[in-house]
Amino acid sequence: MARIRQFDWSPNWYIIWAERQPDGRWRSRQLSTGTRVEADAKRALAEFVAAQGRPPEQFTVNEVIDAYLAGMSERRWVRNREYEMRAVRNHFGLVPPSYIGPTLVRSFTKHRKAAGAANSTIDRQLRALRASLSWAVKNGWKFEVPYIETPGGGRARERWLVRNEAQELVGACEGHIRLFIVIALYTGARSGAILDLTWDRVDLERRLVMYPPAHSHSRKRTTIVPINDTLFDALSEAREFAVSDWVIEYRGRPVQSIKTGFRATVRRAGIAHCTPHDLRRTCATWMVQDGIQLEKVARYLGATKDMIERVYGHHAPDYLRDAARALEG
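To convert, note that position 255 of the sequence shown is 255 in full-length UniProt numbering; the numbers rise steadily by one, no gaps.
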């Protein structure tokens, strides 16, 4: 029967149990609960015991993560995801997915906070775990995706560029960095989508850019964005001198990351700190400030109307003005 105990070499409680081997012999096994609190360890033990009644799984969370990362190997963000998974592997890696319960998740959160990780980091790591488990189930692995509570990423960034800042930024760079910034400002696409963009998805004759969904199994449709005059000039010049299939290229090769060049451009421009993703926020903010309907902004960015209203609605010229008028009478 499984029970909990502490060892001299660790302050945490461990679940220990005996497991019968194929040769008939019994082997002692142990699993960290990730907590020093006995009451929490007992809850983890209860979840562990309850999991024993489920159909056995012949794979661990580590194996799920390995398969997930292999399946996503062509994505540009996979290296970042591998890094995010390190802490996840250390805590969850050796157990089957069905062993993941609220106590184990809370102990992960508590452990990561004690190590100095921010809520946004913990949130991202747990979401990465959930994404890997969901991917596995969609690809035929037989288990039920557990509920994974995340601490939330904290307050969303609100940085966006005013027009003269954008002009300074564009004027402080050239080549593929400048093209990236212009595309980001005038299509509002995410960095990964821009870096993945190929010329077969740019229709200069009809003035359209077509961004496919981030995942092939996504229910989202291709986002089609019109090309304005500023973007048309930049894309036309880039197309004339292109030597590869990728719109954003450097020395004939696709660009894996824009962060270093972008940071240098921000410094040269002399503007306040901003990130590549802030260009997407800038695009959305400009449209909302100009009175464009929120539904159109959402379709332009490949987002939902609810998200645009929640994050950018306060930039609308008439935001809550009717509510203010109601107080006059």
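For glycine and all other residues, C-beta sits at the position ideal for the given N, C-alpha and C.
Return the residue from the list the options that minimises the CA-CA distance to residue i.
i	options	result
F262	V209, N228, V182	V182
L45	T285, R3, V209	R3
R207	T103, S244, R29, L235	L235
Q256	E237, I177, R5, A41	I177
A238	I258, Q6, L204, P226	L204
A128	E158, N62, T103, A184	N62
H111	N12, N228, P213	N12
M85	L126, T60, F48, F59	L126
E240	T304, F59, W199	W199
N228	P212, A184, W26	A184
W286	T275, R25, I308, R268	I308
A158	W77, T275, P254	Position check: residue 158 holds Glu in this sequence, whereas Ala was assumed. For E158, the nearest C-alpha among the options comes from T275.
P254	T60, L31, E74	E74
A298	G188, E249, T260, P213	G188
N90	W77, R79, L31	L31
P226	K138, V78, K296, D66	K296
Rounded to whole angstroms, what is the Cα-Cα separation between residue i and residue j?
i	j	result
V288	F143	44 angstroms
I224	L179	19 angstroms
A316	V105	40 angstroms
R251	G192	19 angstroms
V294	G313	Per the sequence presented here, residue 294 reads as Leu, with Val not at that position. Spanning the two alpha carbons is a distance of roughly 8 angstroms.
R310	V243	42 angstroms
A114	V95	22 angstroms
G140	A284	38 angstroms
I100	F92	8 angstroms
S264	A172	For the record, residue 264 in the displayed sequence is Ala; it is not Ser. Cα-Cα distance, rounded: 9 angstroms.
residue 341	Y319	As displayed, the chain neither begins before 1 nor continues past 329, which places residue 341 out of reach and without an answer.
E168	D233	18 angstroms
W160	D40	44 angstroms
D306	F7	51 angstroms
S107	I16	18 angstroms
W26	M72	39 angstroms
S120	R81	14 angstroms
D245	R268	30 angstroms
T304	P213	14 angstroms
I122	E47	22 angstroms
R321	T60	55 angstroms
D66	G116	26 angstroms
A138	T260	Strictly speaking, residue 138 in this sequence is Lys, with Ala absent from that position. Going from the Cα of K138 to the Cα of T260 covers about 36 angstroms.
W77	V170	25 angstroms
R54	R79	Residue placement at R54 is poorly supported in this model, since its pLDDT is 48, which falls under 50; the coordinates still yield a value, given next. Their backbone Cα atoms lie some 34 angstroms apart in a straight line.
Taking 8 angstroms as the threshold (C-beta atoms), are residue j and residue i in contact?
i	j	result
T33	Y14	yes
R190	R280	yes
Y300	L231	no
Y68	A136	yes
R151	T109	Correcting the residue type first, residue 151 is Pro in the shown sequence and not Arg. Result yes, Cβ atoms of P151 and T109 sit closer than 8 angstroms.
L195	I258	yes
P10	A18	In the sequence as presented, Pro is not what sits at residue 10; that position holds Ser. Not a contact, by the Cβ cut-off of 8 angstroms.
H277	V266	no
V162	V202	no
I148	R130	yes
According to the neighbour-count rule (16 or more other Cβ atoms, all chains shown, within 10 Å of its Cβ), is residue i buried or exposed?
i	result
S98	buried
V37	exposed
T282	buried
M210	exposed
H217	Residue placement at H217 is poorly supported in this model, since its pLDDT is 48, which falls under 50; the coordinates are not used for a value here.
G302	buried
A118	exposed
A70	exposed
Can a CB atom of chain B be found closer than 8 angstroms to the CB of residue i?
i	result
R281	Absent from the structure is chain B; it holds one protein chain and no more.
Assuming the contact rule is C-beta atoms closer than 8 angstroms, residue i and residue j should be a hit. Round their C-beta distance to whole Å, please.
i	j	result
I271	E165	5 angstroms
L133	V64	6 angstroms
T103	R43	5 angstroms
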